[in-house]
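The sequence shown begins at 4 in this note's numbering and counts up one residue at a time. Reading through the structure tokens given below for one structure.
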Amino acid sequence: MDAKLLLLPFPSAPAAHHPAAAPPKSLFLGASLPLHPRAPPPPPFPLRLRRRPAGAAVVAQAAVKRRKEVPFDNVIQRDKKLKLVLKLRNILVAQPDRVMSLRDLGRFRRDLGLTRKRRLIALLRRFPGVFEVVEEGVYSLKFRLTPAAERLYLDELHLKNESEGLAVAKLRKLLMMSQEKRILIEKIAHLKHDLGLPPEFRDTICLRYPQYFRVVRMDRGPGLELTHWDPELAVSAAELAEEENRAREAEERNLIIDRPLKFNRVKLPKGLKLTRGEARRIAQFKEMPYISPYADFSHLRSGSAEKEKHACGVVHEILSLTLEKRTLVDHLTHFREEFRFSQSLRGMLIRHPDMFYVSFKGDRDSVFLREAYRDSQLVEKNKLVLLKEKMRALVAVPRFPRRGAAGTSEEAEGANGAAQLMNEGSDVEDDEDEGLSDMEDLISELSGGKSDTDYQWGDGWFGENDDSPPDFGDDDSSSEEVKVTMKTADGSANGRAPVPVFPDGRPRERW
């Protein structure tokens, strides 16, 4: 019986006394929060299917590839030496009697852009047509302008004083284009040389004509405010050129058969290469109504095509007021507040290659008015520009003139042409190193890439082979130069068997 009890199954506990097992707890504490499911993102809209609203011309956002043009870059390359010489001249003319010692000139190394130790006397002697070094004692070296350079400087001052009325008109037009009709004087000073203003225009022009403008105090310093609006001056150079073109077309229309054009022709400058899309955007921009730079632009929205049309007109008018129809891009960026220029002013200028050209040569970028140049030469040259060309000819005068060269003026013109050809050929080479400044590259080019420690502090200059023959101070040597001539034995120079002899007739030993 005990064996039967062992085979019976073990009684299980009632189910009511054992509750069901709870599910395992989650480690994420926010699993019980009532979160709504996120809506899926909309499918990306393809760019090709985006439609532009009718009548809207999106030109301000168009990207135009910048293309390098050698004729405009040659203008910057040609003035590298002249730029340095004009800086030296401005420092010199500020001294009494326009005479300065080399010791005092060493304090202006940073202003000249010289970061390395260079021999200033070697730099001055590189331009003998502009500067002359005067030795007063052993340790006192001074320099001054040559008579020709000083005459050009006085002529430039005389011309600027004579053209004071034109300078006043330029200042009035600049103030009339601004939004508040007032501009800081220190901002106008950036365009002082480009506009042809006198050196001390703040104390002369700004105070002599209270009927046109007056000096007022602004938040960041003294400013120039317009007092009289002249509607005769509120005509831009683009409008005058358009009137001349219409008159010329009217004369041509009388000579040929008048027939309507089948398509809109876009007249592009010579040498400008554009793609079909770029030409189409330029044509759309030209078809927009012209906005005068002297009109009220407070209602124009920033970033719109109309605002860019107005900004291009303002830059075009400012470049038309300059002497050489070009200026630095940084000078224009100072007037962002007065003319409401966009932050990407350089990009806006590049987007319109039919009107402007931006050159990256030099330390800072320059912008040119394209219609004012023909093959790197100005079409209309002012008297001040002609004086600058004469100054460039003096800069190109070599230290050691070649044997058999012409007079001084002809030599300067020939040197100017040679320097221009050399600069045109140098565009094929690579650009300057990024580590050196523009002036350092120029000084390295002039000195052959040597520093101050490479020179001998004696009578030698620049440590290079001079073109002049050495002077041997021996007493027994003759002053005449020894020449080797070919003569025959009987003294004739037309023989078939030439024999080398010395000038005194003694035969020269053959090797």
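Positions of the beta carbon are idealized from the N, C-alpha and C atoms, including for glycine. None of the values given here were measured: they were computed from a predicted structure.
When the Cα of residue i is compared with those of the options, which residue comes out closest?
i: S323; options: V370, G280, G365 and S362; result: V370
i: S301; options: E138, E183 and L115; result: E183
i: G316; options: R113, F359 and L115; result: F359
i: K530; options: L326, V133, V504 and V218; result: The first residue shown for the chain is 4 and the last is 514, placing residue 530 beyond what the model contains.
i: G109; options: L91, P404, R101 and E290; result: L91
i: P201; options: P74, L397 and G168; result: G168
i: R106; options: R122, R509 and G116; result: R122
i: M394; options: V78, A151 and N93; result: A151
i: I191; options: L162, E228, D222 and L352; result: E228
i: K68; options: R279, V398, E246 and P401; result: R279
i: H334; options: E165, Q214, R81 and D368; result: D368
i: D299; options: E159, R112, A237 and P510; result: A237
i: G350; options: E311, A253 and E72; result: E311
i: H313; options: V332, L187 and L352; result: L352
i: Q380; options: K71, R70 and D82; result: D82
i: V171; options: K289, P213, D507 and P131; result: P213
i: K289; options: V382, P356, S166 and V332; result: P356
i: Q98; options: L160, L126, L115 and L148; result: L148
i: R402; options: E246, E203 and A125; result: A125
i: L387; options: S166, D366, V332 and A286; result: S166
i: D197; options: I94, K173, F216 and D100; result: K173
i: E309; options: Q287, V382 and V332; result: Q287
i: I79; options: D366, V219 and R217; result: D366
i: S104; options: R129, L115, E139 and R113; result: E139
i: E383; options: P404, K328 and R354; result: K328
i: F204; options: R154, L160 and R223; result: L160
i: D114; options: E189, K86 and H231; result: K86
i: K163; options: R223, K391 and R112; result: K391
i: E153; options: L187, V332, D100 and S181; result: D100
i: D233; options: F216, D222, G116 and N93; result: F216
i: D222; options: L187, V502, F111 and T230; result: L187
State the CB to CB distance for the pair residue i and residue j, rounded to an integer number of angstroms; the pair is presumed to be in contact (CB under 8 Å).
i: H319; j: A250; result: No, H319 and A250 are not in contact; Cβ-Cβ is about 20 Å, not under 8 Å.
i: D76; j: K364; result: 5 Å
i: P296; j: S239; result: 6 Å
i: V96; j: K145; result: That belief does not hold up - the Cβ atoms of V96 and K145 are roughly 14 Å apart, past 8 Å.
i: L326; j: N385; result: 5 Å
i: T336; j: L348; result: 6 Å
i: M225; j: V400; result: A quick correction: the sequence has Pro, not Met, at residue 225. With 8 Å as the limit, P225 and V400 do not qualify as a contact, their Cβ atoms being about 42 Å apart.
i: V136; j: L127; result: 6 Å
i: V218; j: R185; result: At roughly 10 Å, the Cβ-Cβ gap does not stay under 8 Å, so V218 and R185 are not in contact.
Can you say whether residue i is buried or exposed, counting buried as having 16 or more other CB atoms within 10 angstroms of its CB?
i: G199; result: buried
i: E281; result: buried
i: R284; result: buried
i: Y156; result: buried
i: F505; result: exposed
i: V398; result: buried
i: T118; result: exposed
i: E252; result: exposed
i: R70; result: exposed
i: E235; result: exposed
i: K120; result: exposed
i: L389; result: exposed
i: P510; result: exposed
i: S143; result: exposed
i: L194; result: buried
i: V88; result: buried
i: A244; result: exposed
i: R354; result: buried
i: G508; result: exposed
i: E72; result: buried
i: R129; result: buried
i: S481; result: The predicted position of S481 is uncertain, since its pLDDT is 40 and thus under 50; no value can be drawn from it.
Examine chain D for any beta-carbon lying closer than 8 Å to the beta-carbon of residue i, and answer yes or no.
i: H161; result: Given the protein chain composition of this structure (a single chain), no chain D is represented.
Using 8 Å as the Cβ pair cut-off and three pairs as the minimum, do the region 330 to 342 and the region 200 to 219 touch?
With a cut-off of 8 Å, the region 200 to 219 and the region 330 to 342 do not count as touching, because too few Cβ pairs lie within range.
So does the region 372 to 391 actually touch the region 286 to 295, counting three or more Cβ pairs closer than 8 Å?
The region 372 to 391 and the region 286 to 295 do not touch, with fewer than 3 CB-CB distances between them shorter than 8 Å.
Go through the region 311 to 356 residue by residue and report every complete run of the beta strand (DSSP E) that reaches 3 residues or more, in order.
Counting whole runs of 3 or more residues, the region 311 to 356 contains the beta strand (DSSP E) stretches 329 to 331.
Scan the region 104 to 165 and note each continuous alpha helix (DSSP H) run of 4 residues or more that stays entirely inside, going in chain order.
If we require 4 residues or more, the alpha helix (DSSP H) runs fully inside the region 104 to 165 come out as 105 to 108, 112 to 115, 123 to 128 and 150 to 165.
Can you find at least 3 beta carbon pairs, one from the region 167 to 182 and one from the region 303 to 310, that sit closer than 8 Å?
Contact check between the region 167 to 182 and the region 303 to 310: fewer than three CB pairs, one atom from each, fall below 8 Å, which does not count as touching.
Which residue spans inside the region 171 to 205 form an unbroken alpha helix (DSSP H) run of at least 4?
If we require 4 residues or more, the alpha helix (DSSP H) runs fully inside the region 171 to 205 come out as 188 to 191 and 195 to 198.
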